[in-house]
Amino acid sequence: MSSHVPNPRRRRLLSVVAAAVVAVSPVLPTSANADPGEPTLVLVHGAFADATSWDGVAAELRERGYSVVAVNNPLRGPRNDAQALQNVLDSIDGPVVLVGHSYGGAVITNTHNPKVLANVYIAAFAPAQGEFVQGLLDPIRFPGSRLLPPALQVRVVDDPTGIAGRNVDGYIDGAYFHEIFAQDVSAQTAAGMYAHQQSAALNANLEPSGPPSWATTPSWYLISGEDNVIPAAAQRFMAGRAAPATTRQIDASHASLVSQPGTVADTIVEATNSVR
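Take 1 as the starting number for the sequence shown in our numbering and just add one per residue.
And the structure:
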């Protein structure tokens, strides 16, 4: 699949690598004496990013003694991507806490697995059944998203999940990436993020969501108050209906996982400690 836009891994490592459907970012063992009953924290990135966007958060969590897996989200659509995530969860022994950023929230919302103790949404989509990502960017109810042309561009890519092996993907143009996606990081950091950008199939934005896992799974939501992709009002709306949901808000861009990894890690730890 040619969806890379650009200029261009402690415990359970072997079992995670065996999940061939979804590639896993480097996961390093953090403790030889880890309790096998402790949750594994599974991090799911969103559109216009890859698993490296979790590097800072993953490092924080590993330093605190947690087992972390960051998966490469295919960005093909909630149903497809939730199945890919399920394949990874099947390879993990013991309980899991799922963490989704941006579109990754739609993926964990569509993932139903008894291993999952909690969902954590980081500036993420948390759709109800029948809703779709693009619809949750409704400019009438939730004005403020700048994810529009000319910043948002599309192109045809090779994709085995698409019609005749092709698909139409969206990505953020380089001239707008920093100011829209991650205005609170340095230009150098934003350039690195742009180099790792993965485009998302239009289907990822338009496919109706299934029954939401947040309806039956304890959920946490960290709102980005200065988000230029998903307006804070939309995030508050989604967090408010996820029951029960613990909600926090910080002054951060859409890429809070990069600009404030310690605070994001704090939210994940809070959720994990509450359900372990």
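Ideal placement from N, C-alpha and C gives every residue a C-beta, glycine not left out.
In the DSSP assignment, find the unbroken beta strand (DSSP E) run with residue i in it and report its ends.
i, result
"D169", "R166 to I172"
"R76", "First-last for R76: undefined, no H or E at that position."
"T40", "T40 to V44"
"R248", "A245 to I250"
Short check: CB of residue i to CB of residue j, under 7 angstroms?
i, j, result
"V44", "N73", "yes"
"A190", "H178", "yes"
"L117", "I108", "no"
"T216", "P39", "no"
"N167", "A201", "yes"
"P78", "S209", "yes"
"M238", "A123", "no"
"Y171", "Q183", "no"
"L41", "Y66", "yes"
"R76", "T161", "yes"
"N110", "A82", "yes"
"V229", "L147", "yes"
"D251", "E226", "yes"
"A204", "D173", "no"
"S259", "S224", "no"
"A51", "A70", "yes"
"G46", "G135", "no"
Just tell me which of the options has its CA closest to the CA of residue i.
i, options, result
"I268", "A252, H254 and T247", "T247"
"V120", "A82, W220 and E226", "W220"
"S145", "D90, I180 and Y171", "I180"
"D138", "Q235, T263 and P114", "Q235"
"A242", "L222, A51, S186 and N205", "L222"
"P211", "V275, H112, A204 and Q188", "H112"
"P143", "D251, A233, S91 and G192", "A233"
"V157", "Q134, H101, Q198 and R141", "Q198"
"S213", "S186, A187, A245 and G225", "A245"
"S102", "D93, F132 and I92", "F132"
"P114", "Q134, I92 and G105", "I92"
"V185", "H254, L136, P218 and P149", "H254"
"I140", "A175, N87, P231 and L85", "P231"
"E207", "G100, L85, V68 and G130", "G130"
"S280", "G240, G192, Q249 and D169", "This structure gives no information on residue 280, because the portion of the chain shown stretches from 1 to 276."
"D169", "Y176, D159, R155 and A175", "R155"
With respect to the alpha helix (DSSP H) encompassing residue i, which residues constitute its N-terminal and C-terminal limits?
i, result
"Y194", "A187 to A195"
"S259", "S256 to S259"
"D55", "D55 to E63"
So with Cβ pairs under 7 angstroms, would you call residue i a contact of chain C?
i, result
"V96", "In the structure shown, chain C cannot be found, because there is only a single protein chain."
Let me know the beta strand (DSSP E) ranges lying completely inside the stretch 101 to 175, each 3 residues or longer, listed in chain order. Here the runs fully enclosed are 116 to 122, 152 to 158 and 166 to 172.
When you compare the stretch 257 to 266 with the stretch 54 to 72, are there three or more beta-carbon pairs, one atom per stretch, that lie closer than 8 angstroms? Yes, since at least three Cβ pairs between the stretch 257 to 266 and the stretch 54 to 72 fall closer than 8 angstroms, the two stretches touch.
Segments assigned alpha helix (DSSP H), at least 4 residues, entirely inside the stretch 198 to 252: Unbroken alpha helix (DSSP H) stretches of 4 residues or longer found wholly inside the stretch 198 to 252: 202 to 206 and 232 to 241, given in chain order.
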